[in-house]
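Below is one structure; the comments refer to it alone.
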Amino acid sequence: MAGVTRRDFLKKAGLAAAGGCGVLLKGCAKKASYDLIIKDGLVIDGQGNPGAVADVGISGDSIAVVGKIPSSRAKTVLQAKGLAVAPGFIDVHNHTAVELLVNPKAESAIRQGVTTLVSGQCGDSPFPFSDGM
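So the sequence shown is numbered by the working numbering: it starts at 219 and just counts up by one.
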């Protein structure tokens, strides 16, 4: 793909996956409305690539588009300039166990961006509980 930048390729691939809104991201954004746009954040996709400054358009509970999106296309706009935006982090070694029964929302983890907890890897997990427990 000589002459095509990585960024342009990703934009076009994202548009194709989003339903082929055209070849320009701004053309797609004009047709859609979002519940939330996170503006100008350093988007880190978790694939080991360096982050890129972009907007994230969210519809319902799903990321609809990543790119440059006019603020007028959303009900709510959250300015994230100077902040990192990521889909979530995995904590592969923690000691959360029965605490989830007390606080099932895992708020201390969620507030730090952790969306997946792996627990019990030290061999001291109380799970699975028996019927008597």
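Built from N, CA and C at the ideal position, the CB exists for glycine as well.
*For the region 242–300, which segments carrying the beta strand (DSSP E) assignment without a break, of at least 3 residues, lie completely within its bounds, in sequence order?*
252–261, 270–277, 280–285 and 292–297
*asked:* Helix, strand or coil, according to DSSP, for residue 240 in the structure here?
replied: What you label residue 240 is simply residue 22 of the sequence shown in a count that begins at 1. Only weak support exists for where residue 240 lies, its pLDDT of 40 falling under 50; the coordinates are left without a value.
*Reference residue 272; option with closest CA among 303, 258, 253 and 265*: One-based indexing of the sequence shown puts residue 272 at position 54. Among 303, 258, 253 and 265, the Cα nearest to that of residue 272 is on 258.
*Using DSSP bridges, identify the partner residues of residue 302.*
Sequence index remark: in the sequence shown, residue 302 carries index 84 (1-based). Paired residue(s): 260.
_Cut-off 7 Å between Cβ atoms - residues of its own chain near residue 242, not counting five sequence neighbours on either side_ = For the purposes of this step, residue 242 is taken as the residue at position 24 of the sequence shown. Because residue 242 carries a pLDDT of 44, less than 50, the predicted location of this residue cannot be relied on, and no value is offered for it.
*Host beta strand (DSSP E) of residue 337 (start-end)*: Mapped onto the sequence shown, residue 337 falls at position 119. It spans 332–337 - the beta strand (DSSP E) in which residue 337 sits, taken as one unbroken run.
*Is it true that the CB of residue 254 sits closer than 8 Å to the CB of residue 304?*
The residue given as residue 304 occupies position 86 in the sequence shown. The residue given as residue 254 occupies position 36 in the sequence shown. Result no, Cβ atoms of residue 304 and residue 254 do not sit closer than 8 Å.
*Buried or exposed: residue 328, going by 16 or more other Cβ atoms within 10 Å of its Cβ?*
The residue given as residue 328 occupies position 110 in the sequence shown. The residue in question, residue 328, is exposed, as its Cβ has fewer than 16 Cβ neighbours within 10 Å.
_Could you compute how far the alpha carbon of residue 252 sits from the alpha carbon of residue 264?_
To locate residue 252, count along the sequence shown from 1; it is residue 34. To locate residue 264, count along the sequence shown from 1; it is residue 46. Their Cα atoms are separated by approximately 23 Å.
*Work out the CA separation of residue 288 and residue 277 for me, nearest whole Å.*
On the sequence shown, residue 277 is found 59 positions in, with the first residue counted as 1. On the sequence shown, residue 288 is found 70 positions in, with the first residue counted as 1. Straight-line Cα distance between these residues: approximately 15 Å.
*Note the first and the last residue of the continuous alpha helix (DSSP H) segment covering residue 310.*
For the purposes of this step, residue 310 is taken as residue 92 along the sequence shown, with counting starting at 1. From DSSP, residue 310 is part of no alpha helix (DSSP H) but of the beta strand (DSSP E) over 307–312.
_Taking only three categories from DSSP, how would you classify residue 348?_
Locating residue 348 in the sequence shown gives position 130, counting from the first residue. Looking at residue 348 - three-state DSSP - the assignment turns out to be coil, as it is neither helix nor strand.
*Taking only the alpha-carbon atoms, compute the straight-line gap between residue 284 and residue 299 and give it to the nearest angstrom.*
Within the sequence shown, numbered from 1, the residue matching residue 284 stands at position 66. Within the sequence shown, numbered from 1, the residue matching residue 299 stands at position 81. One C-alpha to the other measures close to 15 Å.
*asked:* Would you say residue 331 lies against chain B (beta-carbon separation less than 8 Å)?
replied: No chain B is part of this structure, which consists of one protein chain only.
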